[in-house]
Amino acid sequence: MRFETIAVHAGDRPDARFGAISVPIYQTSTFVFEDVGKTRGFDYSRVANPTRKVLEDTIAQLEGGKAGFAFATGMAAETTVMHLLKAGDHVISGDDVYGGTYRLFQHVMKDFGIDFTLLRMDDRRKIESAIRPNTKMLWLETPSNPLLNITDIEMAVDVARRHNLLTVLDNTFATPYLLKPIEFGVDLVVHSTTKYLNGHCDVVGGAVVTTTEELTERVQFLLNAMGTCAAPFDCWLVLRGIETLAVRMRQHEENTRVVADYLSRHSVVKRVFYPGLESHPGHEIARRQMKGFGGMVSVELKGGMAAVNRFFRSMKVFSLAESLGGVASLAEHPATMSHASMDKDHREKVGITDELVRLSIGLENVDDLIEDLEQALKRR
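This is how it looks when you write it as structure tokens:
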């Protein structure tokens, strides 16, 4: 089946018992045993739940993986993956990852004896020179958040395989509609399902997709042992969103291409970060490994923080809010919002300046979005 069909029909659908087209919400903590040691496939919702199972199967099929697991948040998914490691291990990660990922790595997992090297994932020799005898994982985020940097996945996976490293890729920005990391040899794919997979800003969630039996068993064990799983109703909301993922992603990208082109020609915009622009340094790699360029664009404005504040206060269609990937367009200030937990020196080093604005382009009429940006930029 093709992507759009999988998104609607994957998993146990229609409901086997009564034929419900919409996946039932099994809002229960426990399940009755038929006999001692004998269940109907489920015993306790932390371990597994029928609603969650449909979501997990759907995401796994969309990504082309072996198994999927749904978590309470994207950070719960990432935290669970990090517990595949042990004290003394070393991880190489991109240097401009999501602020919550940076916080987890630098301010939580370090206390448990895991060390991190953060660098720009754009050069094989740079990555290889960072590898140590205790390096166990390569953490990738492409396009990156918020600078939309592109990593050559084939190159990164080749490096990882030569050094026996586990590869993890955060596919939140691209979604499996635009990028299939497992086709390039990535071992684990993670998602914040809060974003495009759900698509309506009405739930938080996360997911992990595995590629081997060993990783499947280990992630399942950790999900159960740590209790990081998603709730049934939350899973149902994400499932409902996934059914329209392909349609939404096409429109997100169509709108974003127009917005990025407009911004790239505006006199008060210092720089535009969007891999769909030919001027983007990762454009050719993105074009080769992705089906499209996505719905996120970041810009650096002229005029300092005073101008940035006036821009945000003048918006009428865009809303100043964290998160991304919903039907409504959002604007945010990474330095004080999504990446506030990133050390200031590191933010400045990687290019997350105070003048940087991240835009999540929604499904509104693109002319209205352009008009809103135009009037806000005039007041900035």
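Start counting the sequence shown at 88; every next residue gets the next number (my numbering).
Where a beta carbon is used, it is the ideal one built from N, C-alpha and C, also for glycine.
Quick caveat: nothing in here was measured; it's all calculated off a predicted structure.
Notebook entry, point to check: Does DSSP put E316 in a helix, a strand or coil?
Noted result: Sequence index remark: in the sequence shown, residue 316 carries index 229 (1-based). The identity of residue 316 in the sequence shown is Cys, whereas the question assumes Glu. Here C316 sits in strand by DSSP.
Notebook entry, point to check: What are the partner residues of H433, as DSSP defines its beta bridges?
Noted result: Numbered from its first residue, the sequence shown carries residue 433 at position 346. In the DSSP output, where bridge partners are listed per residue, H433 has none listed.
Check: Since E419 sits in a beta bridge, which residues does DSSP pair it with?
Finding: The residue labelled residue 419 in the question sits at position 332 within the sequence shown. Its beta-bridge partners are R445.
Check: Is H250 helix, strand or coil by DSSP?
Finding: As a working note, residue 250 is residue 163 in the sequence shown. Assigned with DSSP and collapsed to three states, H250 falls in coil, not helix or strand.
Check: How many whole angstroms separate the CB atoms of N258 and D183, which I take to be in contact at a CB cut-off of 8 Å?
Finding: Translated into positions along the sequence shown, residue 258 becomes position 171. Translated into positions along the sequence shown, residue 183 becomes position 96. With a contact defined as Cβ atoms closer than 8 Å, N258 and D183 miss out at about 16 Å.
Item checked: Beta-bridge pairing of T204 - partner residues as DSSP gives them -> Residue mapping note: residue 204 aligns to position 117 of the sequence shown, counting from 1. Looking at the DSSP output, T204 bridges to I179.
Next item on the list: Kindly indicate the opening and closing residues of the alpha helix (DSSP H) around E387.
Entry: Position 300 of the sequence shown holds residue 387. Per DSSP, E387 lies in no alpha helix (DSSP H); the unbroken beta strand (DSSP E) holding it starts and ends at M383 to L388.
Notebook entry, point to check: Got a sec? Which residues, its chain only, sit under 6 Å from D40 by beta carbon, not counting five neighbours each side?
Noted result: Only positions 88 to 467 of the chain appear in this structure, which leaves residue 40 out of reach.
Item checked: Neighbourhood of K223 by C-beta distance below 8 Å, restricted to the same chain and skipping five residues each side -> For this step, residue 223 is matched to residue 136 along the sequence shown. Around K223: L172, D176, H177, V178, L252 and L253.
Next item on the list: Within the stretch 330 to 405, note down every full beta strand (DSSP E) run reaching 3 residues or more, in order along the chain.
Entry: Fully enclosed beta strand (DSSP E) runs of 3 or longer: 356 to 360 and 383 to 388.
Check: Going by DSSP, what residues sit across from D239 in a beta bridge?
Finding: Residue 239 sits at position 152 when you count from the first residue of the sequence shown. Per DSSP, none; premise fails for D239.
Check: Along the chain, which unbroken stretches of the beta strand (DSSP E) at least 3 residues long are found entirely within the stretch 119 to 147?
Finding: Taking only runs of at least 3 residues, no beta strand (DSSP E) segment lies wholly in the stretch 119 to 147.
Check: Counting pairs of Cβ atoms below 8 Å between the stretch 407 to 423 and the stretch 273 to 291, do you hit three or more?
Finding: Three or more Cβ pairs closer than 8 Å define a contact, and the stretch 407 to 423 meets that threshold against the stretch 273 to 291.
Check: Between which two residues does the alpha helix (DSSP H) harbouring M162 extend?
Finding: On the sequence shown, residue 162 is found 75 positions in, with the first residue counted as 1. Unbroken alpha helix (DSSP H) run through M162: G161 to M169.
Note to self: Determine whether the beta carbon atoms of L460 and V295 lie at a separation below 9 Å.
What the structure shows: On the sequence shown, position 373 is the one that residue 460 refers to. On the sequence shown, position 208 is the one that residue 295 refers to. No; because the gap between Cβ atoms is not below 9 Å, this pair is not in contact.
Next item on the list: Give a yes or no on contact between the stretch 258 to 269 and the stretch 148 to 158, applying the rule of three or more CB pairs nearer than 8 Å.
Entry: Yes, since at least three Cβ pairs between the stretch 258 to 269 and the stretch 148 to 158 fall closer than 8 Å, the two stretches touch.
Note to self: Could you tell me the alpha carbon to alpha carbon distance between R249 and L206, rounded to whole angstroms?
What the structure shows: Here the question's residue 249 lines up with position 162 in the sequence shown. Here the question's residue 206 lines up with position 119 in the sequence shown. R249 and L206 have their C-alpha atoms spaced approximately 19 Å apart.
Next item on the list: Starting from the N-terminal side, write out each stretch of the beta strand (DSSP E) that is 3 residues or longer and does not extend beyond the stretch 276 to 303.
Entry: Runs of the beta strand (DSSP E) inside the stretch 276 to 303: 293 to 297.
Note to self: Can you give me the C-alpha to C-alpha distance between R400 and E300, rounded to a whole angstrom?
What the structure shows: Locating residue 400 in the sequence shown gives position 313, where the first residue counts as 1. Locating residue 300 in the sequence shown gives position 213, where the first residue counts as 1. Taking the straight line from one Cα to the other gives about 51 Å.
Next item on the list: State buried or exposed for P137, treating a residue as buried only when at least 16 other CB atoms are found within 10 Å of its CB.
Entry: Indexing the sequence shown from 1 puts residue 137 at position 50. It is buried - the Cβ of P137 has at least 16 other Cβ atoms within 10 Å.
Note to self: I'd like to know whether the C-beta atoms of V386 and D441 end up nearer to each other than 9 Å.
What the structure shows: Translated into the one-based positions of the sequence shown, residue 386 becomes position 299. Translated into the one-based positions of the sequence shown, residue 441 becomes position 354. With a cutoff of 9 Å on beta-carbon distance, V386 and D441 are scored as not near each other.
Check: Assuming A463 contacts M402 under a Cβ cut-off of 8 Å, what Cβ separation, rounded to an integer in Å, is found between them?
Finding: Counting from 1 along the sequence shown, the entry for residue 463 is found at position 376. Counting from 1 along the sequence shown, the entry for residue 402 is found at position 315. Indeed they touch by this definition, with Cβ atoms about 5 Å apart.
Margin query: Quick check on this structure: which residue in P362, Y349, V437 and L411 has the alpha carbon closest to the alpha carbon of E458?
Written below: Locating residue 458 in the sequence shown gives position 371, where the first residue counts as 1. Looking only at P362, Y349, V437 and L411, the smallest Cα-Cα distance to E458 is reached by Y349.
Checklist line | Three-state secondary structure assigned by DSSP to L225 | finding: Residue mapping note: residue 225 aligns to position 138 of the sequence shown, counting from 1. Of the three classes helix, strand and coil, the one that applies to L225 here is strand, per DSSP.
Checklist line | Residues of its chain near R100, where Cβ-Cβ distance is below 7 Å and the 5 sequence neighbours each way are ignored | finding: Mapped onto the sequence shown, residue 100 falls at position 13. For R100, where only same-chain residues beyond five positions count, the Cβ hits under 7 Å are V110 and V141.
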